[in-house]
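Take a look at the structure set out below.
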Amino acid sequence: MSATDIVIRSEALSKQYVLGRHAKPGRTLRDTIVEGLSSGARRVARRSRDRDERPLLWALRDVSFEIERGDVVGVIGRNGAGKSTLLKIFSRVTEPTSGRATIRGRVGSLLEVGTGFHGELTGRENIYLYGAILGMRRAELNRRFDEIVAFAEISRFLDTPVKRYSTGMTVRLAFAVAAHLEPEILLVDEVLAVGDAGFQRKCIGKMSEVADEGRTVLFVSHNMALMQSLCRRGILLESGGVHTDGTIEEAVTSYLRAVERAGTVELADRSDTRGQHDVRLTHVEIGGADGTTLLATGRPARFVFRTRAEDPSVHRRLSCSFTILNALGQPVATLTSNDRGPRDVEDAGSHDAFVCDIDELPLLPGRYRVDVEIHGRSHLQDAVEGATMFDVEQGTLGGRPVAGGSGDVAVAHRWVVPSLD
Amino acid sequence: MGNGTTMATQTPVTERPRAAGTVALAHQEVVLERSSGWPSLRLRELWRAHELVYFLIWRDVKVRYKQTVLGVAWAVLQPLLTVVVFTLFFHRVARISSGSLPYPVFSLAGLVPWLFFSNAISLASASVVANANVLTKIYFPRLAIPLATTLAGAPDFAIGFVLLLIVMAGYGVAPGLTVFALPAFFLLVLAAALGVALWLSALNVLYRDVRYIVPIAVQLWLLATPIAYSVSGLHSPWNVILGLNPMAGAVEGFRWAVTGGAAPPAGMLALSAGVAAILAISGAYYFRAMERRFADVI
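Residue numbers (my numbering), protein chains in the order written: chain F, 328 to 748; chain W, 2 to 299.
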């Protein structure tokens with residue numbers, strides 16, 4: 328390939344965030360005045376120590392790679408690995424602290440769909456507004472208007488304010504506008520997590536169409552199967568640096584290995600969790616309900632999530648939800664304590680533990696991962712990806728042996744078949 | 002970004018032949034790196050995004066009176082009610098003279114440009130923070146936000162202006178030839194509003210104190226502006242020094258242009274124009290300098 332075919336060149340790209348006071352939104356004038364006065368006084372006593380005290384975080388560090396035109400690249404990594412920061416730099420939302428990136432061609436970014444929408448405006452009006460924010464011209468929007476509406480499947484609600492739209496409709500509309508931007512480089516960050524399966528397929532179709540036209544796609548997702556079906560190349564980021572840069576298979580394999588490794592680290596010591604952290608997840612225990620550690624299809628299973636908080640009163644209004652994901656990182660099921668069932672029990676004695684019982688585990692034999700989220704005080708408190716892994720052995724469900732098959736789920740069922748007589 | 006870097010040019014799709022499998026690319030190159038030193042205003046880039054500015058203005062105008070009972074009537078009621086209050090207190094009670102002009106015409110002619118200014122800085126100072134979710138996700142020329150919010154007050158201003166003409170007709174005051182100077186004074190109001198809006202909207206990202214300072218500052222500023230009173234009551238050199246408040250020159254000039262009458266001191270007008278220009282230019286540079294950090298700090 329000649330050098331001109333390189334559309335993204337990242338050279339020692341680094342991004343540093345200052346944590347603590349400066350990272351806090353809406354610092355007040357008083358902070359600055361107080362800081363200015365006190366640092367002025369302190370500078371006399373001990374020079375420049377002030378600066379060293381602030382914790383720094385390298386969201387990206389010395390990231391270098393080149394992407395050629397027509398490449399479809401999956402950017403993989405755990406939370407905090409720097410994926411979103413990388414896309415934010417490429418889409419010019421934020422500047423790198425050092426290093427440089429060279430981009431050739433029009434960039435379209437789908438970083439979080441629908442952020443440019445205004446709820447009071449109608450679907451029609453929002454198409455123009457959002458399109459303009461994304462950098463489309465009015466003439467361009469006029470020409471593609473019908474296509475966008477058809478793709479989003481919202482023609483009946485064109486003149487309804489977007490605040491009355493369902494989440495699915497909003498996402499469809501946003502993706503439709505962005506997909507018709509016709510960028511030479513498309514940056515996609517986890518947009519397909521929302522929306523129904525049919526629309527997801529359509530989005531994926533659109534993305535591969537973009538790729539087939541020789542345009543470049545940079546795609547961030549936690550869905551490894553999707554990554555493998557869409558991308559040819561994979562870049563695995565770990566703690567802000569490039570860990571693996573190769574085929575998508577290589578990147579996915581090392582990612583899954585990394586997630587597995589992280590599962591062996593003490594949960595409270597993990598630095599890649601998100602949330603307020605008034606409460607933290609400390610342990611996950613998974614076992615058969617009868618005390619054995621064996622998990623098998625159709626057998627009882629018990630998930631215990633232990634939490635710890637500085638302030639014990641926090642525990643009162645918490646909810647716990649966890650997602651079981653298959654070996655490829657595709658979500659299989661999400662179970663949440665927030666949606667109450669008639670058989671739920673509130674136990675004052677177990678104030679720091681959430682126990683989830685499954686009578687008959689409907690999973691096919693294989694290896695699964697658990698992502699956990701603790702919510703409370705109207706905030707996400709702790710989100711832990713890959714909190715633990717577990718294996719499911721062969722078993723029976725509804726009296727029927729389950730050995731395997733495609734998919735992840737076993738369903739109890741019965742047949743009526745023509746008798747041989 | 003910033004100085005010394007090439008800018009992205011949005012390629013119009015119309016110019017691109019769409020043969021299957023090939024994409025004709027106009028290879029504009031953008032170099033993304035830490036910017037340093039004096040920022041460039043990148044007005045060309047802003048001009049290229051004029052349709053975005055237009056859509057943002059249109060959004061703000063459309064949304065402004067949504068979910069209000071009286072809707073756009075507020076654009077009339079706001080100046081009208083203020084004039085009633087001013088006439089009662091400043092004219093009837095405090096006996097402030099309005100020279101040859103009827104007091105309601107006098108104060109309304111000052112209020113119409115003032116309300117544009119005060120609404121613009123109140124709304125625009127919060128505009129960047131209000132658009133935080135878009136700022137952290139999508140790149141577009143950031144100057145478009147305070148610019149659009151400021152300009153979105155123009156329809157209200159036009160309505161207020163028509164109201165002023167009606168009130169003038171009611172009192173038998175006819176505009177003279179001075180009316181041709183009106184665009185210049187509107188420009189002065191706009192420059193002052195934009196300058197303050199740029200400063201405050203950028204400062205508000207870092208210091209949310211701005212949101213508390215603005216309402217108080219607007220009230221004090223109102224008193225420092227010859228709306229309810231006239232500069233003709235002030236002695237030299239104070240009538241010129243008042244021009245340090247750009248709105249003083251703007252309001253006096255605006256009133257003079259619409260209603261005729263005694264011309265304001267030229268020194269004051271020049272001083273106001275100079276201050277407004279400095280505010281607008283320094284505001285734009287300050288905004289551009291701060292802009293690099295918006296997404297990280299907001």
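We put the CB at the ideal spot given by N, CA and C, even for glycine.
For clarity, every value in this text was computed on a predicted model and none was experimentally measured.
Exercise. Across which residues does DSSP place F:Q343 in a beta bridge pair?
Worked result: In the first sequence, the residue the question calls residue 343 of chain F occupies position 16. Answer is F:W385, bridged to F:Q343.
For this session: Pick helix, strand or coil for W:A225, following the three-state DSSP scheme.
Result: As a working note, residue 225 of chain W is residue 224 in the second sequence. Three-state DSSP puts W:A225 in coil, outside helix and strand.
Exercise. Is there at least one Cβ from chain W nearer than 7 Å to F:L485's Cβ?
Worked result: On the first sequence, residue 485 of chain F is found 158 positions in, with the first residue counted as 1. No, F:L485 lies away from the interface with chain W (no Cβ there is under 7 Å from its Cβ).
For this session: Let me know the secondary structure DSSP gives F:H445 once reduced to three states.
Result: Within the first sequence, numbered from 1, the residue matching residue 445 of chain F stands at position 118. Here F:H445 sits in coil by DSSP.
Problem set entry | Stretch pair the region 87–105 of chain W + the region 484–502 of chain F: three plus CB contacts closer than 8 Å | no
Exercise. When you compare only the Cα positions, how much space is there between W:A267 and W:T179?
Worked result: Along the second sequence, read from residue 1 onward, the residue named residue 267 of chain W stands at position 266. Along the second sequence, read from residue 1 onward, the residue named residue 179 of chain W stands at position 178. Straight-line Cα distance between these residues: approximately 14 Å.
Exercise. If you measure beta-carbon to beta-carbon, which residues of the region 403–417 of chain F are closer than 8 Å to chain W?
Worked result: K415, I416 and F417
Exercise. Can you list the beta strand (DSSP E) stretches of 3 or more residues lying completely in the region 398–425 of chain F, in chain order?
Worked result: 399–403
For this session: Measure the CB-CB distance between W:L207 and F:A459 and report whether it falls below 7 Å.
Result: Indexing the second sequence from 1 puts residue 207 of chain W at position 206. Indexing the first sequence from 1 puts residue 459 of chain F at position 132. Cβ atoms of W:L207 and F:A459: not closer than 7 Å.
Exercise. So which residues on chain F does W:Y140 lean against when the C-beta distance must stay under 7 Å?
Worked result: Counting from 1 along the second sequence, the entry for residue 140 of chain W is found at position 139. Near W:Y140 (Cβ distances below 7 Å), the residues of chain F are S418, R419 and V420.
Problem set entry | F:D473 - partner residues in DSSP beta bridges | As a working mapping, residue 473 of chain F is identified with position 146 in the first sequence. Answer is none; F:D473 lacks a bridge partner.
Exercise. Do the region 194–212 of chain W and the region 113–133 of chain W meet, that is, are 3 or more Cβ pairs less than 8 Å apart?
Worked result: yes
Problem set entry | Chain-order list of residues whose beta-carbon lies under 6 Å from that of F:R374 (same chain, five-residue window excluded) | Mapped onto the first sequence, residue 374 of chain F falls at position 47. Bear in mind that a pLDDT of 44 at F:R374, under 50, signals an unreliable position, so the number given afterwards is only what the model happens to contain. So no residue of the chain qualifies.
For this session: Report yes if the C-beta distance between F:S646 and F:S664 is below 7 Å; otherwise report no.
Result: Position 319 of the first sequence holds residue 646 of chain F. Position 337 of the first sequence holds residue 664 of chain F. Yes, they are a contact pair.
Exercise. In three-state terms, what does DSSP make of F:R670?
Worked result: The residue you call residue 670 of chain F lines up with position 343 of the first sequence. Three-state result, F:R670: coil.
For this session: Using a cut-off of 7 Å between C-beta atoms, extract the partners of W:R60 located in chain F.
Result: Numbered from its first residue, the second sequence carries residue 60 of chain W at position 59. Under the 7 Å cutoff, chain F gives H445, L448 and L456.
Problem set entry | Residues bridged to F:D572 (per DSSP) | In the first sequence, residue 572 of chain F corresponds to position 245, counting from 1. In DSSP, F:D572 forms a bridge with F:I562.
Exercise. Using a Cβ-Cβ cut-off of 6 Å (strictly less than) and excluding sequence neighbours within five positions of W:Q220, which residues of its own chain qualify?
Worked result: Your numbering for residue 220 of chain W matches position 219 in the second sequence. None.
Exercise. With a CB to CB cut of under 8 Å and the five nearest residues on each side skipped, what residues in its chain are close to F:M551?
Worked result: Along the first sequence, read from residue 1 onward, the residue named residue 551 of chain F stands at position 224. Closer than 8 Å at Cβ, skipping near neighbours: I403, V579, Y582, L583, L655, G656 and Q657.
Problem set entry | Residue from F:S733, F:E587, F:R635 and F:A503 with nearest C-alpha to F:L713 | Within the first sequence, the letter at position 386 stands for residue 713 of chain F. Residue 713 of chain F is actually Gly in this sequence, not Leu. Comparing Cα positions, the closest option is F:E587.
Exercise. According to a CB-to-CB cut-off of less than 9 Å, which residues of the region 28–40 of chain W neighbour chain F?
Worked result: H28, Q29, E30, V31, V32, L33, E34, R35 and S36
Problem set entry | Amino acids of chain W, ordered along the chain, whose beta-carbon sits closer than 9 Å to that of F:R388 | For the purposes of this step, residue 388 of chain F is taken as residue 61 along the first sequence, with counting starting at 1. Chain W residues near F:R388: none, gap ~14 Å exceeds 9 Å.
Exercise. Are the region 555–569 of chain F and the region 400–416 of chain F touching, with three or more C-beta to C-beta distances below 8 Å?
Worked result: yes
Exercise. Can you tell which of F:I613, F:V399 and F:I481 has the C-alpha that lies nearest to the C-alpha of F:T449?
Worked result: Here residue 449 of chain F corresponds to residue number 122 of the first sequence, with the count starting at 1. It is F:I481 whose Cα lies nearest to the Cα of F:T449.
For this session: Helix, strand or coil for W:G22, going by three-state DSSP, please let me know.
Result: Working through the second sequence from its first residue, we reach residue 22 of chain W at position 21. Caution applies to W:G22, whose pLDDT of 30 falls short of 50 and renders its modelled position unreliable; the model cannot decide the point.
Exercise. Where in the region 20–103 of chain W do unbroken runs of the beta strand (DSSP E), each at least 3 residues long, occur, reported from the N-terminal end onward?
Worked result: 30–34
For this session: Could you give the DSSP three-state label for F:A350: helix, strand or coil?
Result: Along the first sequence, one-based indexing puts residue 350 of chain F at 23. For F:A350, the predicted model reports a pLDDT of 44, less than 50, meaning its position is unreliable; a value from the coordinates is still stated below. In the structure shown, F:A350 sits in a helix (DSSP, three-state: H, G or I).
Exercise. With DSSP run on the structure shown, which of helix, strand or coil describes F:M716?
Worked result: In the first sequence, the residue the question calls residue 716 of chain F occupies position 389. It is a strand residue.
Exercise. Any beta-carbon of chain F closer than 7 Å to the one on W:F56?
Worked result: By 1-based counting over the second sequence, the position of residue 56 of chain W is 55. W:F56 counts as touching chain F.
Exercise. Going by DSSP, what residues sit across from F:Y695 in a beta bridge?
Worked result: Residue mapping note: residue 695 of chain F aligns to position 368 of the first sequence, counting from 1. The partner list for F:Y695 (beta bridge, DSSP) reads F:F717.
Exercise. Is it true that the region 410–425 of chain F meets the region 29–37 of chain W, where meeting means three or more beta-carbon pairs spaced less than 8 Å apart?
Worked result: yes
Exercise. When DSSP builds the beta bridges, which residues end up paired with F:R727?
Worked result: Locating residue 727 of chain F in the first sequence gives position 400, where the first residue counts as 1. DSSP lists F:L724 as partners of F:R727.
Problem set entry | Residues from the region 115–144 of chain W in contact with chain F, defined by Cβ distance under 7 Å | N134, V135, T137, K138, I139, Y140 and F141
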